[in-house]
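Data first, discussion second: the structure below is written as structure tokens.
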Amino acid sequence: MMNIDDITQLFRKSLNLLFVANKQGTSLGVVMGVLSDGIIGTLMPTLKTISGLDFGTVEIWHLIALWVVAFNIKPYLNRHSPDPKIDAAISKIKDMEASGQITKAQAKMHYHELSLRVLESVKMSGPQEASREG
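If you read the sequence shown in the numbering used here, its first letter stands for residue 3, the second for the next number, and so on.
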């Protein structure tokens with residue numbers, strides 16, 4: 003069984019990884035969790051009148067985790083899908099080759115050009131540029 007320090011360390015590492023993978027969604031999840039906690043705290047007298055629901059046991063960490071997961075589901079599910087523009091370009095090259103508008107060699111050249119454009123768009127900036135952006 004893990005003690006509380008191990009659980010906290012695991013939670014911190016997981017949250018740091020989420021901030022790296024999807025900083026916007028994770029940040030919004032944390033903000034929404036804090037806001038939800040405030041709203042539930044404000045509406046607690048009204049919520050207590052609803053039978054069968056006990057919102058008093060819901061902690062801020064539960065709400066933050068709920069919202070972080072909610073904001074990270076879509077990026078997680080789409081993590082392997084390529085950019086639709088790239089798919090469209092590939093299908094256009096295939097269609098042009100199939101219809102005889104370009105030869106196989108020309109299609110290879112188009113694929114090569116496309117790969118170079120994709121690599122240019124994802125090229126990492128140098129250390130000087132990265133420090134100026136941050």
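Glycine residues also receive a C-beta, built at the ideal position from the N, C-alpha and C atoms.
Only a predicted model underlies this, so the values are computations on that prediction, with no experimental measurement involved.
Out of the options, which one is the CA nearest neighbour of residue i?
i   : options        : result
D39 : S123, L55, I66 : I66
P77 : V22, L12, V124 : V22
V71 : G54, N24, E122 : N24
Apart from the five residues on each side of it in sequence, which residues of its chain come closer than 7 Å, Cβ to Cβ, to residue i?
i   : result
V60 : I42
Q26 : none
Could you pull out every residue in the same chain whose Cβ sits closer than 6 Å to the Cβ of residue i, ignoring the five residues on either side in sequence?
i    : result
W69  : G31, M34, G35
H112 : I95
With a cut-off of 8 Å on the beta carbons, I'd call residue i and residue j a contact; round off their distance for me.
i    : j    : result
L116 : A100 : No, L116 and A100 are not in contact; Cβ-Cβ is about 17 Å, not under 8 Å.
V120 : I88  : 6 Å
Starting from residue i, trace the alpha helix (DSSP H) both ways and give me its first and last residue.
i    : result
V124 : 106-124
H64  : 62-79
S83  : Segment: none, S83 is in no alpha helix (DSSP H) and carries neither H nor E.
(request) Could you say if the segment 25-40 and the segment 82-91 meet the contact criterion of at least three C-beta pairs nearer than 8 Å? (result) Under the Cβ criterion (8 Å, minimum of three pairs), the segment 25-40 does not count as touching the segment 82-91.
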